[in-house]
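Novice: Have a look at the structure that comes next, please.
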Amino acid sequence: MNDLIIEQVYYNNPKHSRVLEAVLAKWFKNPKDLHFTDPRLSYPFSFSKWIKLSYELPYIDTYVLKKEDWIIGHVSVLSIHNRRQKHIFHFFIDKESRGKGIGKWFLDQILKRIENDESDRITLRVSPKNEVAIKLYESKEFIVTGTTHSGSLTMEKECS
Numbered sequence: 046m047n048d049l050i051i052e053q054v055y056y057n058n059p060k061h062s063r064v065l066e067a068v069l070a071k072w073f074k075n076p077k078d079l080h081f082t083d084p085r086l087s088y089p090f091s092f093s094k095w096i097k098l099s100y101e102l103p104y105i106d107t108y109v110l111k112k113e114d115w116i117i118g119h120v121s122v123l124s125i126h127n128r129r130q131k132h133i134f135h136f137f138i139d140k141e142s143r144g145k146g147i148g149k150w151f152l153d154q155i156l157k158r159i160e161n162d163e164s165d166r167i168t169l170r171v172s173p174k175n176e177v178a179i180k181l182y183e184s185k186e187f188i189v190t191g192t193t194h195s196g197s198l199t200m201e202k203e204c205s
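Using the working numbering, you'd call the opening residue of the sequence shown number 46 and step up by one each time.
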C-alpha cells in the first residue's frame, strides 16, 4: 500500500469540484453502486443533487485515495461536535481496486484520523444488501444499532 496517497479535498474548491464530478460520474454509471453509496439519490447520478443533499453542511472533511495520481477511493466524515461524534459517509472504492485490501487500508487510515481527534464514537449507514461492506465494518468493531426509515443499517463504533 506504499503507492497509495490520501488527500483532503474540498467540494467548494472549483478545481477539486471539477475532478470530483468527473470521477463520481464515472463511478456511478452503475445504479447499484450509486444506491449502495447514497440511497437518497436516484439514477442517473446528479452531481448538483449530491452536493445539495450532503455537502452544504459545515464540519465535513472529505478525503480521496490516490494511486499513481488517479482517484480510486472517496470518503467523507461529518463532525458532530457537541456529541463528539463522527459520521462516515460516501465511502467508496473504485471497482477495479476492490478485493485487494485497499478499502480496508483506507478505512483503517480514516479511523486512525478520527480516533486521534478524541471522538467518543463513530457512526455510519450501509445498505443491508452490501454484505462486503458490512463484513468490513464489523471487522473494525462496528455493530448494527438500528435501521433508517429508508432501510439502511446504522452502525456504530465506540472509540477507545
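The beta carbon of each residue, even a glycine, is placed where N, CA and C say it ideally should be.
If you run the structure through DSSP and keep just helix, strand and coil, what is histidine 135?
Specialist: As a first step, residue 135 must be located in the sequence shown, where it is residue number 90. DSSP places histidine 135 in strand when its eight states are reduced to three.
Novice: At what residues does the alpha helix (DSSP H) containing threonine 82 begin and finish?
Specialist: Position 37 of the sequence shown, counted from the first residue, corresponds to residue 82. Unbroken alpha helix (DSSP H) run through threonine 82: 76–82.
Novice: Can you list, in chain order, the residues of its chain with a C-beta nearer than 6 Å to that of serine 164? Leave out the 5 residues immediately preceding and following it.
Specialist: Taking the sequence shown and counting its residues from 1, one reaches residue 164 at position 119. Cβ neighbours of serine 164 beyond the five flanking positions: Arg129, Lys131 and Cys204.
Novice: What distance in whole Å lies between the Cβ atoms of glycine 144 and leucine 181, which are believed to be in contact at a cut-off of 8 Å?
Specialist: As a first step, residue 181 must be located in the sequence shown, where it is residue number 136. As a first step, residue 144 must be located in the sequence shown, where it is residue number 99. Not really, about 11 Å apart at Cβ, beyond 8 Å.
Novice: Measuring CA to CA, which of Ile159, Trp115 and Thr199 is closest to lysine 71?
Specialist: As a first step, residue 71 is located in the sequence shown; it is residue number 26 there, counting from the start. For the residues Ile159, Trp115 and Thr199, the minimum Cα distance to lysine 71 belongs to Trp115.
Novice: Which stretch, first to last residue, makes up the beta strand (DSSP E) that contains tyrosine 108?
Specialist: Indexing the sequence shown from 1 puts residue 108 at position 63. 105–112 is the extent of the beta strand (DSSP E) around tyrosine 108.
Novice: List the residues that DSSP assigns as beta-bridge partners of valine 54.
Specialist: Numbered from 1 along the sequence shown, position 9 holds the residue referred to as residue 54. In the DSSP output, where bridge partners are listed per residue, valine 54 has Thr107.
Novice: Note down the Cα distance separating isoleucine 117 from arginine 63, rounded to an integer number of angstroms.
Specialist: Within the sequence shown, residue 117 is the residue found at index 72, counting from 1. Within the sequence shown, residue 63 is the residue found at index 18, counting from 1. So the two alpha carbons sit approximately 16 Å from each other.
Novice: Just the C-alpha distance for asparagine 161 and arginine 85, rounded to the nearest angstrom, thanks.
Specialist: Position 116 of the sequence shown, counted from the start, is the residue given in the question as residue 161. Position 40 of the sequence shown, counted from the start, is the residue given in the question as residue 85. If you take the alpha carbons of asparagine 161 and arginine 85, they lie about 31 Å apart.
Novice: Sorry if obvious, but does the Cβ on arginine 128 come closer than 8 Å to a heavy atom of the ligand NAP?
Specialist: Absence of the ligand NAP is noted for the structure shown, with no ligands found whatsoever.
Novice: Report the partner residues of glutamine 130 according to the DSSP bridge assignment.
Specialist: Sequence index remark: in the sequence shown, residue 130 carries index 85 (1-based). Answer is Ile125 and Arg166, bridged to glutamine 130.
Novice: Enumerate in chain order the residues of its own chain whose CB-to-CB distance from tyrosine 56 is below 7 Å, with the five nearest sequence positions on each side excluded.
Specialist: In the sequence shown, counting from the first residue as 1, residue 56 sits at position 11. Hits under 7 Å: Ser62, Leu65, Ile96, Tyr100 and Thr107.
Novice: Got a sec, what are the start and stop residues for the alpha helix (DSSP H) leucine 69 sits in?
Specialist: One-based indexing of the sequence shown puts residue 69 at position 24. First-last of the alpha helix (DSSP H) with leucine 69: 59–72.
Novice: What is the C-beta distance between lysine 111 and isoleucine 50, in whole angstroms, given that I count them as a contact (C-beta under 8 Å)?
Specialist: In the sequence shown, counting from the first residue as 1, residue 111 sits at position 66. In the sequence shown, counting from the first residue as 1, residue 50 sits at position 5. With 8 Å as the limit, lysine 111 and isoleucine 50 qualify as a contact, their Cβ atoms being about 5 Å apart.
Novice: Isoleucine 125: buried (16+ other C-beta within 10 angstroms of its C-beta) or exposed?
Specialist: Numbered from 1 along the sequence shown, position 80 holds the residue referred to as residue 125. Isoleucine 125 is exposed by the Cβ-count criterion.
Novice: Give the straight-line distance between the Cα atoms of isoleucine 138 and asparagine 127, rounded to the nearest whole angstrom.
Specialist: In the sequence shown, counting from the first residue as 1, residue 138 sits at position 93. In the sequence shown, counting from the first residue as 1, residue 127 sits at position 82. Near 30 Å, if we compare the C-alpha coordinates of asparagine 127 and isoleucine 138.
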